[in-house]
Amino acid sequence: MNHIHRVFQEVDIIGKLADLKDQHYRNTLLLSAIVELLVEKNLLTTDDLDRKIKQLDQLAMPGNPIKPPKREADRPTR
Numbered sequence: 001m002n003h004i005h006r007v008f009q010e011v012d013i014i015g016k017l018a019d020l021k022d023q024h025y026r027n028t029l030l031l032s033a034i035v036e037l038l039v040e041k042n043l044l045t046t047d048d049l050d051r052k053i054k055q056l057d058q059l060a061m062p063g064n065p066i067k068p069p070k071r072e073a074d075r076p077t078r
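Residue numbers (the UniProt record's numbering): 1 to 78.
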């Protein structure tokens, strides 16, 4: 009986992980759409965004800065 209980716990954890991945994807998609619209409408530049990201990251994680994007294609255009 204990083995069956552990299997059900693992299935539950896998389901929760899948839900988290789905929510993360949706949040990322929404954020990307908002940023792209702001850049397209000239309400925000990628430089503004980079500065704000660095500023907020420094407040949240002092001494552990984020790494820059690996490819230029990862950044929204102006």
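Just so it is clear, CB atoms sit at the ideal spot from N, CA and C, and this is done for glycine as well.
Just so we're clear, the structure is a prediction, and the values are computed from it rather than from any experiment.
| Asked | Found |
| --- | --- |
| Between the CA atoms of Glu-10 and Ala-30 - distance to the nearest angstrom | Position check: residue 30 holds Leu in this sequence, whereas Ala was assumed. The alpha-carbon atoms of Leu-30 and Glu-10 are separated by roughly 30 Å. |
| Start and end residues, alpha helix (DSSP H) containing Lys-54 | 46 to 60 |
| DSSP state of residue 85 mapped onto helix, strand, coil | Only positions 1 to 78 of the chain appear in this structure, which leaves residue 85 out of reach. |
| Pairwise C-alpha distance: Pro-65 and Lys-54 | 8 Å |
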